[in-house]
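In the numbering used here, the protein residues as written are 10 to 508.
A virtual CB, placed ideally from N, CA and C, is assigned to each residue, including glycine.
Heads up, the thing below is written out as structure tokens.
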Amino acid sequence: MKEIRSALVSVYRKDGLEEIASELRSKGVTIYSTGGTSAFLKQKGIDVIEVESITEYPSILGGRVKTLHPKVFGGILARSTETQDAKELEHYKIPVIDLVVVDLYPFEETVAAGGTDQEIIEKIDIGGISLIRAAAKNFNDVTIIPSKNQYGDLLKILKSGGKTDLNDRKALASKAFEVTKLYDSAISSYFLGENWDEQRKVLRYGENPHQEGAYVGNINAFIEQLHGKELSYNNLLDIDSALRLMRDFQTEDPTFAVIKHNNACGFATRSDAKTAYLDALAGDPLSAFGGIIIGNTNIDLACAEEINKLFCEVIIAPSFDEEALTLLKSKKNRIILIDKLQGFPGKSVRSVLNGVLEQDIDSKNARTEDLRNVSKRAATADEVEDLLFANKLAKHTKSNTIVLAKNKQLIGSGVGQTSRVDALKQAIEKANSFGFEIAGSVMASDAFFPFPDCVEIANGVGIKAVIQPGGSLRDQESIDYCNNNGMAMVMTGVRHFRH
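See the structure below:
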């Protein structure tokens, strides 16, 4: 076991960093940092030691050289088993680094956004990629967090005592080399001048058999196909939705989703894979037929035996036990995929009107501290847990949507409706039709309530806690209704339209 006592933090994107750094400081960890990262953390009131005070060199060449120095890399690459390494660290006054946290310059996003050659070249990370490789190489002694997508892994480590074992460090090193491989591959593709045609794969057909279809890109960065027929256009749309949804639950307890037409028709978080799958399936066993199953955890034989009873097009998980894989492969056309846990680019693009629309991906997820209680009755701790759960599901469901959840299980959702009232009625009908007790559940809405009608309907079926972004000129009418009927309402301030 290795205790984390010192950390080097150098990241491009700062979202999620404050929580990590605060947790490190609460454990008494010494934090070394660079440039913009250091400034950000100091602004948040977190003490850091600037790398320049170790190297005795400033950041030079417009920030191109910050961490490339023996006093930095010596502290990362030193081997605790080598006496000579320890002597050299002492002689040259090099601090030992136990943890390295990096988030690389957004090279792919800059290319995708149509950056100039100079802008793209400047987004080739040199120091960061070197830090990742050095820390991953020395996984016997150092823990590496190679991107913000692994912050959840680090938080689990810190909140369980701040110590890592060799298996933890080796698993993170594996993820680190996957990050560097994909990053270098993207740079290589750019310099080789790979274009759309060279990355184009013709599909059997498009959304319907009379439409031609093709996929353009590098799907192998996200998934590995272990079994089954060729992926179709619609498979790819559902897989994309499934992976994006599960990224928001990656660090949760075993969680399963059933995806149909890009929306979750079943979803549950439980203490083991089998129960999580069965409770997800219970959310809408009718719609689950022919759908996509995705989990955030290893699929063992007990879970596979249940999944095998259902006709489903695709099964996705980060890993499978050998016996489980053998069973699931018994259906020759069933598609089985490994989720490589790759993060999505920061931009999304859609074709429209002979052009494209580009936007930032919706990466916002409300946390407990983000919730603004607007009702007289505050939501209970259990209700808050379910409200946050439901809010994340609503974010990944077609608008207009209402999501009903209870005990970390999706019990009903209204999907893609032209009015929020219709979405709520659909969610209630779904929950009733599959035998759920709605009383005591919570309700999430992807956008504000323009009138109090939704909370009135919700109260009528026993829903007593609501989460919504707020922002309507008539918010107070919904709040007043909640106050008059013992309901709790929290607002996030963040809308999650999905069209």
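Only residues of its own chain outside the window of five on either side were considered, and among them K157 and S372 have a CB closer than 8 Å to the CB of D24, listed in chain order.
The criterion of a C-beta distance shorter than 8 Å is not satisfied by N317 and L290. DSSP places L245 in the helix class (H, G or I) of the three-state scheme.
In the structure shown, the three-state DSSP call for N176 is helix. In the structure shown, M500 falls within a strand segment according to DSSP collapsed to helix, strand and coil. Per DSSP, R213 is not a residue of any beta strand (DSSP E), being assigned neither H nor E.
Shown here for H508: same chain residues with a beta carbon closer than 8 Å to its own, the five before and five after excluded, namely K407 and S408 in chain order.
D293 carries a coil assignment under DSSP once its states are collapsed to helix, strand and coil. At the C-beta level, D309 and D330 come within 8 Å of one another. A straight line joining the alpha-carbon of A95 with that of D112 spans about 29 Å. Annotation for R253: F353 and H405 place their beta carbon closer than 7 Å to its own, counting only its chain and skipping 5 residues before and after. By the neighbour-count criterion, in which 16 or more other beta carbons inside 10 Å mark a residue as buried, N271 falls on the buried side. Going by C-alpha positions, V81 is about 59 Å away from H219.
Between T152 and T173, the CB-CB gap stays under 8 Å. When DSSP states are grouped into helix, strand and coil, R14 belongs to the coil group. By the CB criterion at 8 Å, D395 and N416 fall inside the cutoff. A straight line joining the alpha-carbon of A474 with that of Q368 spans about 32 Å.
Boundaries for F320: no beta strand (DSSP E) harbours it, and the DSSP string shows neither H nor E there. Secondary structure of H270 (DSSP, three-state): coil.
A456 and Q477 have their C-alpha atoms roughly 6 Å apart. For D112, the enclosing beta strand (DSSP E) covers residues L108 to D112.
Boundaries of the beta strand (DSSP E) around V412: I411 to A414.
Residue nearest to A144 within the set G171, A121, K439 and D107 is D107 (criterion: CA-CA distance). Excluding five sequence positions before and after K210, the CB atoms of its chain that fall closer than 7 Å to its own CB belong to A223 and Y224, given in chain order. Secondary structure note for S357: its beta strand (DSSP E) is the uninterrupted segment K356 to V361. Residue pairing of G423 in beta bridges, as defined by DSSP: I411. Separation of L402 and F276 (C-alpha to C-alpha, rounded to the nearest whole angstrom) is 9 Å.
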